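Just so we're aligned: 258 in our numbering is position 270 of the sequence shown, and the numbers increase by one with no gaps anywhere.
This report refers to the structure that appears directly beneath it.
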Amino acid sequence: TGVALSSIIGLKDNNTSASVLQRELNITLKDKSSAVLTMNLNLQSIQEASGVMFRILPYTLGICILISLLAAYLYARALTRPIQSICTSTKQMEQLLPDACCSVHTQDEIGELAGNINLLYQSLQDTIHSLEQEINHVSQAEQMKVDFLRSASHELKTPLMSISGYAELMMNGMVQPENVPEFSGRIYHEAVRLSSLVADIIQLSRMDEKSSDMPFEAVDLYELSEDIVNHIQNAAMKKNISLSLKGETVAIRGVRHVLYEMFYNLADNAVRYTKEGGTVKIFVGKQDGHPFY
-11 TGVALSSIIG LKDNNTSASV LQRELNITLK DKSSAVLTMN LNLQSIQEAS GVMFRILPYT
49 LGICILISLL AAYLYARALT RPIQSICTST KQMEQLLPDA CCSVHTQDEI GELAGNINLL
109 YQSLQDTIHS LEQEINHVSQ AEQMKVDFLR SASHELKTPL MSISGYAELM MNGMVQPENV
169 PEFSGRIYHE AVRLSSLVAD IIQLSRMDEK SSDMPFEAVD LYELSEDIVN HIQNAAMKKN
229 ISLSLKGETV AIRGVRHVLY EMFYNLADNA VRYTKEGGTV KIFVGKQDGH PFY
């Protein structure tokens, strides 16, 4: 009782043992007397704990390093897997596979890049499809031109042969004077037909330019057929073929010279491929309300 700590006079540490820490504290009491306060601290448990810590420190560092390496591997794998998927998909796109697609749907920049690649590839596929259709259309048009030119080249021989035949007869004096106008008319008709074929070829060559349209007009198929029969009658007589025309007036709208060439080819082929002494009958009329030839 009545003891108070007024001042600290001195502090002294005495290490009496390696495992014991001893401290002495000098104090002054109220009655001016002095006293010494001694404290002893056992360091053995601290030394044991520090020893254990130093022993397990290498293992702790090793575990930390392994955890760091594993985390780095997982992060790198998560980062490179979308890139590898994009590389695989772009190789498939390089081969123009129709089902090629980048299957990366992350919300980062890599996912956005995959989406842009898919859009670009889809646009490329649409462009390729359009080009294929255009190439197919051009190929069909070119094939039509080739077929027409082959047919026209074949058909050009017929009026040329007729003109040369009639001209040869007239040149050799084998035509009676009263028949000269008839032969001259036939030569003129074949020349007109030849000019029409040439005009068709020229028009076909300008088809892509769309410079002009064919003139449509009212055409009487029966009258057209009469004209055709008159001009192939001589060829039929040479083969002793009976050629006849029956029917009625049938008016349609079309391009006259194109219709003429079409029906002329039908009638001329009928005469040409019919055996000698045969019969060719041409009928012009309507069937079920539609023109019939």
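Here a beta-carbon is modelled for each residue, glycine too, at the ideal position from N, C-alpha and C.
Source: prediction; values computed, not measured.
Strand pairing of residue i, partner residues [DSSP]
i      : result
ASP208 : ALA239
GLU143 : In the DSSP output, where bridge partners are listed per residue, GLU143 has none listed.
THR26  : GLU12
GLY288 : No answer is possible for residue 288: it lies beyond the span of the chain, which begins at -11 and ends at 281.
LEU67  : Its beta-bridge partners do not exist; DSSP assigns none.
Residue i burial status per 10 Å Cβ neighbour count (16 or more: buried)
i      : result
SER139 : exposed
ALA129 : exposed
HIS219 : buried
THR146 : buried
ILE34  : exposed
TYR154 : buried
VAL180 : exposed
PRO86  : exposed
TYR63  : exposed
HIS259 : Note that residue 259 is Val in the sequence shown here, rather than His. Burial call: buried.
PRO70  : buried
Cα-Cα separation between residue i and residue j, rounded to whole angstroms
i        : j      : result
GLU36    : GLU12  : 25 Å
ASN222   : HIS117 : 55 Å
ASN228   : VAL163 : 21 Å
LYS20    : TYR47  : 58 Å
ALA307   : LEU137 : Residue numbering for the chain in the displayed model covers -11 to 281; residue 307 lies beyond these limits and cannot be assessed.
HIS125   : ASP135 : 15 Å
LEU54    : GLY103 : 36 Å
GLY152   : SER127 : According to the sequence as given, residue 152 is Ser; it is not Gly. One C-alpha to the other measures close to 37 Å.
LYS198   : LEU119 : Residue placement at LYS198 cannot be trusted, given a pLDDT of 48 that sits under 50; what the coordinates show is reported in the next sentence. Those two C-alpha atoms are separated by around 21 Å.
PHE204   : LEU212 : 15 Å
GLY235   : TYR261 : 23 Å
SER91    : ILE74  : 8 Å
THR(-11) : LEU17  : In this prediction, THR(-11) has a pLDDT of 38, which is less than 50 and means its spatial position is unreliable; nothing more can be read from the coordinates.
ALA224   : LEU231 : 7 Å
MET42    : THR94  : One point to set straight first is that residue 42 is Phe, not Met, in the sequence displayed. Going from the Cα of PHE42 to the Cα of THR94 covers about 45 Å.
GLU214   : GLN110 : 60 Å
GLN83    : LEU148 : 55 Å
VAL268   : GLN113 : 56 Å
SER56    : GLN72  : 24 Å
ASN106   : LYS79  : 13 Å
GLY266   : LEU233 : 15 Å
ALA60    : LEU101 : 24 Å
CYS89    : LEU247 : 54 Å
Secondary structure of residue i, DSSP reduced to three states
i      : result
LEU164 : Rather than Leu, the amino acid found at residue 164 in this sequence is Gln. Looking at GLN164 - three-state DSSP - the assignment turns out to be coil, as it is neither helix nor strand.
LEU84  : coil
GLY266 : coil
LEU108 : helix
LYS234 : strand
TYR261 : coil
GLN95  : coil
ASN228 : coil
ASP19  : coil
CYS89  : coil
SER200 : Confidence is the limiting factor: at SER200 the pLDDT is only 48, short of 50, which leaves the residue's position unreliable, though a coordinate-based value still follows. Note: SER200 maps to coil in three-state DSSP.
Presumed contact (8 Å Cβ cut-off) between residue i and residue j, rounded CB distance
i      : j      : result
VAL272 : TYR210 : 5 Å
SER184 : GLU143 : The Cβ separation is near 10 Å, so there is no contact.
LYS274 : VAL243 : About 21 Å separates the two Cβ atoms, so there is no contact after all.
ILE240 : ALA255 : Wrong, their Cβ atoms sit about 17 Å apart, outside the cutoff.
ILE15  : LEU29  : Going by Cβ atoms, the distance from ILE15 to LEU29 rounds to 19 Å, so no, they are not a contact pair.
MET159 : PHE171 : Actually they do not touch by this definition, with Cβ atoms about 11 Å apart.
Residue i at chain D interface by Cβ criterion, 9 Å
i      : result
GLU205 : Considering every chain present, this structure includes no chain D. It has just one protein chain.
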